[in-house]
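Reviewing the structure listed below.
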Amino acid sequence: MRIPCPYCGERDAHEFSYLGDATLTRPDPAAPDAPDRFFDYVYLRDNPAGAHQEWWYHAYGCRQWVKVERNTLTHAIAGARLARDARDAAGDAAGNVPGDAP
Amino acid sequence: MADHSSHPLDTLPFDAVATAGHYGVAGTLGVTARRIDGLSIATLAARKGDDDALAEAVRGALGLELPRASRAVFAGARTLIGTAPGRWLALSGLDRDIAGTLRAALGPLAAITDQSDAVVTLDLTGPKVADTLAKGALIDLDPRVFLPGMAATTVLAHIGITLWRREEATWRLLVARSFEAALLRFLVSSAAEYGFELDDRG
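Each protein sequence line maps, in turn, to chains A and B.
At position 31 of the first sequence the residue is numbered 31 (UniProt numbering), and the sequence of numbers has no breaks.
At position 202 of the second sequence the residue is numbered 202 (UniProt numbering), and the sequence of numbers has no breaks.
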C-alpha cells in the first residue's frame, strides 16, 4: 500500500505509523459527563468496511501527521492532507487533530 | 554458476564501520562512495507563521531560496534541503559553523540546531548508483525520475536517510552516524556485483 504524502509524494506504508480513526474528537475532560464520553471515545469504536478517515504519521519522511481517506476493503486511497491543513480547513481548533486539546 | 564461496561481507564485522578500499568484483568500478568530512550541517525550523519572513532573511543571508518542497538548492558551497513543511537542512563546506551563521542572520525567525556530528555524509558516484540504491529504496530513484535537485527523506535498507541528487552523476546521502556501519554494509553487499570503492579522501 502506498500513501500519497502531501509533502513527500507517494510513499510506501512502511514509512508511516498508524494512529487510527480521524473522525473522532477527544471529549472535554472538564465536561460533567466526561467519564461516559471518554468511555465512548476510547472503547466504542466503529470498524467501518469501506471509506474511512485515518491518521497516519510519516515517521520516516517529513514527520507530519497525515489525514488519509482510505477504503478499508480495497486499500484504495481517495486523498490525503496534512493534519495542519485539515485543521485549518475545519476552521476551529477542535478539528480532530491528534494531540490537540478540545 | 556464480561463485558463492566468498562474500564481501564475510570480512566486515557487524559492529565495525567499513574501512576505505575496494569491495566486490575486482577490476571494475560501478559505485564509489566518498565519505565527506568537514561539512557544517544544521537543521532549520521556521517559527509558526514566520515562513515568509524567514524566506526573506535566508535569501539575504545565504543567497538561497528556501525550497517549499522536497528539493535541494545550491549556491557556492552552501546547500539547503527541504525535509518537511517549515523545516530544512543547511549544509556548508565553507562556514565552519553554519548553525552560528544562521543564528546570527535569522535571529528569532527559526529554531536552529547543529547537526554536523550527528550525520555521516556520503557522495555516491558511478554508473551503477541508481541500480544499487534501488535494492534498498522504497521510492523510484531512476535517474530519469529522480532528477538533479530532487531530494527525499526516506528509508534505504530500513535505515532513515536524506538523499538528494547534487548533479547529473553525484548523489549525496546523509545518515545518522550510529547507522553508518549498517548502511555501509548495505552498500558494500549491494554494489559488490558492480565493483564498489569506499573512499575517505573527501
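Cβ atoms here follow ideal geometry from the backbone N, Cα and C, with glycine treated the same way.
Given the structure is predicted, the values throughout are model-derived calculations rather than measurements.
- Closer than 8 Å to the CB of Ser-178 of chain B there is not a single CB belonging to chain A.
- Distance from Leu-173 of chain B to Leu-124 of chain B at the Cβ level is roughly 6 Å; contact confirmed, criterion being Cβ atoms closer than 8 Å.
- Beta-bridge partners of Ala-152 of chain B (DSSP): B:Leu-163.
- In the three-state reduction of the DSSP assignment, Ser-6 of chain B falls in the coil class.
- Against chain A, the CB of Pro-108 of chain B has no partner CB under 8 Å away; the residue lies outside that interface.
- Following the DSSP letters along the chain, one finds Pro-35 of chain A inside the alpha helix (DSSP H) bounded by residues 34 to 43.
- In the three-state scheme derived from DSSP, where H, G and I count as helix and E and B as strand, Asp-51 of chain B is classed as helix.
- For Ala-104 of chain B, the enclosing alpha helix (DSSP H) covers residues 98 to 106.
- In the structure shown, His-22 of chain B falls within a strand segment according to DSSP collapsed to helix, strand and coil.
- In chain order, Glu-69 place their CB closer than 6 Å to the CB of Gly-79 of chain A, counting only its own chain and leaving out the 5 sequence neighbours on each side.
- In this structure, DSSP gives Arg-34 of chain B an extended state, which the three-state scheme calls strand.
- Secondary structure within the segment 52 to 95 of chain B: the beta strand (DSSP E) runs of 3 or more consecutive residues, fully enclosed, are 72 to 75, 78 to 84, 87 to 92 (chain order).
- Leaving aside the five residues that flank Arg-78 of chain B on each side, the residues in its chain whose CB is nearer than 6 Å to its CB run, in chain order, Leu-62, Ser-92.
- For a cut-off of 8 Å, the C-beta gap from Met-150 of chain B to Arg-166 of chain B is around 10 Å, too long to register as a contact.
- For Phe-196 of chain B, the enclosing beta strand (DSSP E) has its first and last residue at 196 to 199.
- In the three-state reduction of the DSSP assignment, Thr-121 of chain B falls in the strand class, which pools E and B.
- In terms of beta-carbon proximity, Leu-82 of chain A lines the interface with chain B, with at least one pair separated by less than 8 Å.
- At a C-beta separation below 7 Å, Gly-61 of chain A has these neighbours in chain B: Thr-153, Thr-154.
- For the set B:Glu-197, B:Gly-136, B:His-158, B:Val-120, the Cα lying nearest the Cα of Leu-39 of chain B is the one of B:Val-120.
- Non-local C-beta neighbours of Ile-81 of chain B in its own chain, meaning closer than 7 Å and more than five positions away in sequence, comprise Ala-72, Trp-88, Leu-89, Ala-151, Thr-162, Trp-164, ordered along the chain.
- Leaving aside the five residues that flank His-22 of chain B on each side, the residues in its chain whose CB is nearer than 6 Å to its CB run, in chain order, Glu-197.
- With respect to Thr-23 of chain A, Gln-53 of chain A sits close: the two C-beta atoms are nearer than 8 Å.
- With a 10 Å radius around the Cβ and a threshold of 16 neighbouring Cβ atoms, Glu-65 of chain B comes out exposed.
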